[in-house]
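>
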Amino acid sequence: MSISTSEKLIVMRESERLTRKAMSELTGISYSSLTNYELNRGDMGFKVAQLILNHPKFSKYTMWFMLDQVSPKIGQISPALSHCGQEEIIQNPSDKTVG
Numbered sequence: 001m002s003i004s005t006s007e008k009l010i011v012m013r014e015s016e017r018l019t020r021k022a023m024s025e026l027t028g029i030s031y032s033s034l035t036n037y038e039l040n041r042g043d044m045g046f047k048v049a050q051l052i053l054n055h056p057k058f059s060k061y062t063m064w065f066m067l068d069q070v071s072p073k074i075g076q077i078s079p080a081l082s083h084c085g086q087e088e089i090i091q092n093p094s095d096k097t098v099g
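Numbering follows my numbering, with no gaps: position 55 of the sequence shown is 55.
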């Protein structure tokens, strides 16, 4: 089941744990335009989609965004399969003794 373009923008942004302002700065799309696209107040068009999907943070979502398809073998995933924009966290063992 496909979701709207505006919902996809929100899901992608939130999966990367970005604010609208941060996504605006990364993509070069004005904050007000991004807000309007997310609120479904305007058609973003192909050029805007290119600006977003050409950014390294979002290129992995291209197939999902455009075609509602994924191909993990080639790095094309949906935001639900992403790591929420976070790199693997490696915790160092504590010097404290337990018990």
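Glycine included, each C-beta is placed from N, C-alpha and C at the ideal position.
Keep in mind that this is a model prediction, so the values were computed, not measured.
Name the DSSP beta bridge partners of Gln76, please?
Ser71
> Can you give me the C-alpha to C-alpha distance between Tyr61 and Arg41, rounded to a whole angstrom?
22 Å
> Taking just the CA atoms, how far does Leu53 sit from Ile29?
Straight-line spacing of the CA atoms in Ile29 and Leu53 works out to 12 Å.
> Quick one: using the 10 Å Cβ neighbour count with 16 as the cut-off for buried, is Asp95 buried or exposed?
Low confidence applies here, because Asp95 scores a pLDDT of 49, under 50, leaving its location unreliable; read the following figure in that light. That one is exposed.
> Taking DSSP as the reference, what is the three-state secondary structure of Gly28?
In this structure, Gly28 counts as coil in the three-state DSSP scheme.
> Give every residue of the same chain whose Cβ lies closer than 7 Å to the Cβ of Gly75, excluding the five residues on either side of it in the sequence, and list them in chain order.
Around Gly75: Lys60.
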